[in-house]
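K.L.:
One structure coming up, written as structure tokens, with questions to follow.
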Amino acid sequence: MIIDCHCHAGTGDGLTGPWDTRASLHDYLRRASAAGIHKTVLFAAFHSNYAIANEEVARIVASNPKRFFGFAFVHPARDRGRVHELVKVAVECYGFVGIKVHRHDAPITREICATARIYNLPVLYDVAGEVSVCELLAQEYPDVNFIIPHLGSFADDWRAQLAVIDHLVRHPNIYADTSGIRRFDLLKQAVKRAGANKLLFGSDGPWLHPGVELTKIKALGLPPSQENLISGGNFLNLISVAKNGKSLIATGKLANSAKMITENARF
Ligand SMILES: [Zn+2]
Numbered sequence: 001m002i003i004d005c006h007c008h009a010g011t012g013d014g015l016t017g018p019w020d021t022r023a024s025l026h027d028y029l030r031r032a033s034a035a036g037i038h039k040t041v042l043f044a045a046f047h048s049n050y051a052i053a054n055e056e057v058a059r060i061v062a063s064n065p066k067r068f069f070g071f072a073f074v075h076p077a078r079d080r081g082r083v084h085e086l087v088k089v090a091v092e093c094y095g096f097v098g099i100k101v102h103r104h105d106a107p108i109t110r111e112i113c114a115t116a117r118i119y120n121l122p123v124l125y126d127v128a129g130e131v132s133v134c135e136l137l138a139q140e141y142p143d144v145n146f147i148i149p150h151l152g153s154f155a156d157d158w159r160a161q162l163a164v165i166d167h168l169v170r171h172p173n174i175y176a177d178t179s180g181i182r183r184f185d186l187l188k189q190a191v192k193r194a195g196a197n198k199l200l201f202g203s204d205g206p207w208l209h210p211g212v213e214l215t216k217i218k219a220l221g222l223p224p225s226q227e228n229l230i231s232g233g234n235f236l237n238l239i240s241v242a243k244n245g246k247s248l249i250a251t252g253k254l255a256n257s258a259k260m261i262t263e264n265a266r267f
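Just so we're aligned: 237 in full-length UniProt numbering is position 237 of the sequence shown, and the numbers increase by one with no gaps anywhere.
Put into structure tokens, the structure is as follows:
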């Protein structure tokens with residue numbers, strides 16, 4: 001089962017570039033099926049209101065729930081105080097299985113990590129080169145799994161990508177996705193040092209070609225068991241924790257967690 005863990009969908013309400021204007025799946029779906037990709041994780045493009053953007057993604061996921069997973073996009077600063085509400089709707093109404101956060105919006109917050117903990121959700125956080133936060137995420141939220149896309153830098157900052165490999169090696173809850181990584185030897189080094197269980201195939205579609213991105217995984221020449229982990233197994237493991245993990249809601253700690261979120265929101 002090949003799963004693309006990183007693809008955008010829906011319309012943005014900006015007009016700066018493709019990333020906040022439109023993420024059409026028309027060509028993506030044709031390319032993905034030609035490449036043998038079975039399922040895709042969808043989240044919004046940049047948007048000024050993620051409640052609206054997530055709802056649009058939910059409609060796309062619902063149009064073919066066997067083909068798509070959804071992640072809730074949240075803005076660390078603008079959604080402060082309502083992250084829990086956004087994620088609750090995404091999980092309980094849309095069936096989403098993760099959270100997406102981007103450093104270009106704002107740095108990740110305790111409010112987001114605490115919410116991920118409550119719902120046992122992985123957080124795909126684009127650090128945009130600010131890798132050191134991985135140390136804090138690993139120390140403060142060892143029970144929350146974080147996926148760092150592009151090995152830490154879509155901008156191809158090899159220093160940042162090299163540093164992310166260290167975090168993958170050292171911290172059990174830090175993972176990376178392979179989307180947009182251009183320096184192939186860094187990808188090779190990541191697998192060699194951190195292990196195939198720490199990387200997830202992602203394409204950053206529809207803007208990058210999912211078949212081209214998947215070819216990189218195949219070019220690693222790994223034994224099938226390891227290749228299967230990267231191309232889908234690791235993702236399924238991360239969301240099975242989310243789906244089968246002992247949710248704090250079920251254990252009645254929601255009220256305390258909500259209080260914690262409120263307290264964190266003051267800082
Ligand atoms: Zn992306």
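C-beta: ideal position from N, C-alpha, C; glycine also. Computed from a predicted structure; not experimentally measured.
How many angstroms separate the CA atom of T178 from the CA atom of N234?
P.N.:
For this step, residue 178 is matched to residue 178 along the sequence shown. For this step, residue 234 is matched to residue 234 along the sequence shown. Straight-line Cα distance between these residues: approximately 13 Å.
K.L.:
In its own chain, which residues sit with a C-beta less than 7 Å from the C-beta of R31, not counting the 5 before and 5 after it?
P.N.:
Taking the first residue of the sequence shown as position 1, residue 31 is located at position 31. The residues are H209, P210 and G211.
K.L.:
Between A53 and G10, which are expected to be in contact by the criterion C-beta below 8 Å, what is the C-beta distance as a whole number of angstroms?
P.N.:
Your numbering for residue 53 matches position 53 in the sequence shown. Your numbering for residue 10 matches position 10 in the sequence shown. With 8 Å as the limit, A53 and G10 qualify as a contact, their Cβ atoms being about 6 Å apart.
K.L.:
Which runs of the beta strand (DSSP E) at least 3 residues long sit entirely within the stretch 8-93? Give them in chain order.
P.N.:
Taking only runs of at least 3 residues, the beta strand (DSSP E) segments lying wholly in the stretch 8-93 are 39-43 and 68-73.
K.L.:
Under three-state DSSP, which class holds A155?
P.N.:
On the sequence shown, position 155 is the one that residue 155 refers to. The answer is coil: DSSP assigns A155 none of H, G, I, E or B.
K.L.:
Can you tell me the Cα-Cα spacing of I261 and I112, whole angstroms?
P.N.:
In the sequence shown, the residue the question calls residue 261 occupies position 261. In the sequence shown, the residue the question calls residue 112 occupies position 112. Residue placement at I261 is flagged as unreliable, the pLDDT there being 39, under the threshold of 50; the coordinate-derived value follows with that caveat. The alpha-carbon atoms of I261 and I112 are separated by roughly 9 Å.
K.L.:
Taking the alpha-carbon positions, what's the D27 to E135 distance?
P.N.:
For the purposes of this step, residue 27 is taken as the residue at position 27 of the sequence shown. For the purposes of this step, residue 135 is taken as the residue at position 135 of the sequence shown. Straight-line Cα distance between these residues: approximately 38 Å.
K.L.:
Which residue marks the beginning of the beta strand (DSSP E) containing A176, and which one marks its end?
P.N.:
Counting from 1 along the sequence shown, the entry for residue 176 is found at position 176. Looking at the DSSP string, the run of the beta strand (DSSP E) that includes A176 is I174 to D177.
K.L.:
Could you tell me if E227 is buried or exposed, where buried requires 16 or more neighbouring beta carbons within 10 angstroms of its beta carbon?
P.N.:
Here the question's residue 227 lines up with position 227 in the sequence shown. Classification of E227: buried, given that the 10 Å Cβ count is 16 or more.
K.L.:
Going by DSSP, what residue range makes up the alpha helix (DSSP H) through D204?
P.N.:
Position 204 of the sequence shown, counting from 1, holds the residue named residue 204. Counting along the chain, D204 falls outside any alpha helix (DSSP H), and DSSP gives it neither H nor E.
K.L.:
Quick check on DSSP: helix, strand or coil for S119?
P.N.:
Along the sequence shown, one-based indexing puts residue 119 at 119. Checking the displayed sequence, the identity of residue 119 turns out to be Tyr instead of Ser. Helix, per DSSP.
K.L.:
May I ask you to check if the CB of H8 is nearer than 7 Å to at least one heavy atom of ligand 1?
P.N.:
The residue you call residue 8 lines up with position 8 of the sequence shown. Within the cutoff, so yes.
K.L.:
Return helix, strand or coil for L239, following the three-state DSSP convention.
P.N.:
As a working mapping, residue 239 is identified with position 239 in the sequence shown. Per the sequence shown, the amino acid found at residue 239 is Ile instead of Leu. Residue state, collapsed to three classes: helix.
K.L.:
Give the straight-line distance between the Cα atoms of S132 and I3, rounded to the nearest whole angstrom.
P.N.:
For the purposes of this step, residue 132 is identified with residue 132 of the sequence shown, where counting begins at 1. For the purposes of this step, residue 3 is identified with residue 3 of the sequence shown, where counting begins at 1. Cα-Cα distance, rounded: 28 Å.
K.L.:
Tell me the residue span of the beta strand (DSSP E) that contains F146.
P.N.:
As a working note, residue 146 is residue 146 in the sequence shown. F146 to I148 is the span of the beta strand (DSSP E), which, as asked, contains F146.
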